[in-house]
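*Asks:* Here it is, the structure in full.
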Ligand code: AMP
């Protein structure tokens, strides 16, 4: 089933101990879409400037990602630059130039209004809500990502949007900040009261944990020898997770558990090279082979 994603499409400047690259195709929606497209047809809603070239478009087209919802505006594409420290656990944001992204008002093309699976990437919660209001068909799952900026500045709008969400995909700091609870199990109970009945907490190199009203599931991060660029790992995780669910077409305990594994698989591939590069050369066989390695990695008998 089709999966709609709304979020940032950007050019990134990234510096890690492995090198420095500028004007890399990036943005949360780009990572998400390029991860999810391995499982289901993806529809992308975003905005770019007139500096976004045919070559940039081709990266998505090559993966059959639907770009009817990618608006082109006069001006520059969103630009973000960041630097990672030696152990890659800390990132300093150097530049955030919103450019055309500052005036983004997501509009769904008519062909997108029946999307059964939707992921609202990290943008203003009022805009996230406006996307849902444009959907006319019955949705199966709506996922949402957010960040500290929105939790601090627009808490009321975020809480209103959360009432319509089934799966919240955020990191541990954001979970604590949103609920005021340090303990993540207690925090999950607070989130369930806000709307989502499934909370997926991304924990970087420590993997991810899913807290559902009825069960818990934890998945490690894949142990890699070399991480070249951690940018977009969380967005690729969300893409693998939602993509798997949309591909399965149904949401139950089994598909949710498998979605966690495929999320971790896509996150692990994303960091192997700079930018979205590794996601664009991935083969299905590689994805499934790594998922099988996860099965071995976590299997034990009692
Ligand atoms: P992550 O590593 O998961 O935080 O995602 C990094 C991606 O998010 C980069 O490709 C950036 O272009 C994009 N990004 C950075 N800041 C923002 C922001 N304020 N809003 C939306 N996207 C952003």
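In my numbering, the protein residues as written are 3 to 304.
We treat Cβ as the ideally placed atom computed from N, Cα and C, and that holds for glycine.
What three-state label does DSSP hand residue 244 in the structure shown?
*Replies:* It is helical.
*Asks:* Where residue 231 and residue 304 are concerned, what is the direct C-alpha to C-alpha distance, given to the nearest angstrom?
*Replies:* If you take the alpha carbons of residue 231 and residue 304, they lie about 38 Å apart.
*Asks:* Count Cβ pairs between the region 16-28 and the region 40-47 that sit closer than 8 Å; are there 3 or more?
*Replies:* As far as the Cβ criterion goes, the region 16-28 does not touch the region 40-47, which means the pair count is below three.
*Asks:* Specify the secondary structure class of residue 153 as computed by DSSP and reduced to three states.
*Replies:* If DSSP states are grouped into helix, strand and coil, residue 153 belongs with the helices.
*Asks:* Mind pulling the alpha helix (DSSP H) runs of 4 or more residues that sit fully within the region 192-228?
*Replies:* Correct list: empty.
*Asks:* Is residue 78 helix, strand or coil when you go by DSSP?
*Replies:* Of the three classes helix, strand and coil, the one that applies to residue 78 here is coil, per DSSP.
*Asks:* For the beta strand (DSSP E) that residue 22 lies in, which residues bound it at each end?
*Replies:* Here the beta strand (DSSP E) through residue 22 covers 21-28.
*Asks:* Just grab the DSSP bridge partners of residue 95 for me.
*Replies:* DSSP, once it has assigned bridges, lists 84 as partnering residue 95.
*Asks:* Near residue 25, what residues of its chain come up, given a Cβ to Cβ distance below 6 Å and the 5 sequence neighbours on each side ignored?
*Replies:* Only 13 meet the Cβ criterion.
*Asks:* For the structure I just gave you, are there three or more beta carbon pairs, one from the region 118-130 and one from the region 157-172, closer than 8 Å?
*Replies:* The answer is yes - the region 157-172 touches the region 118-130, with three or more Cβ pairs under 8 Å.
*Asks:* Report whether the distance from the Cβ of residue 220 to the nearest heavy atom of ligand 1 is below 7 Å.
*Replies:* Checking every heavy atom of ligand 1 against the Cβ of residue 220, none is found closer than 7 Å.
*Asks:* For residue 92, does the count of other Cβ atoms within 10 angstroms reach 16, so buried, or fall short, so exposed?
*Replies:* So residue 92 ends up on the exposed side.
*Asks:* Report yes if the CB atom of residue 167 is closer than 8 Å to the CB atom of residue 146, and no otherwise.
*Replies:* It is a contact, given that the beta carbons lie within the stated cut-off.
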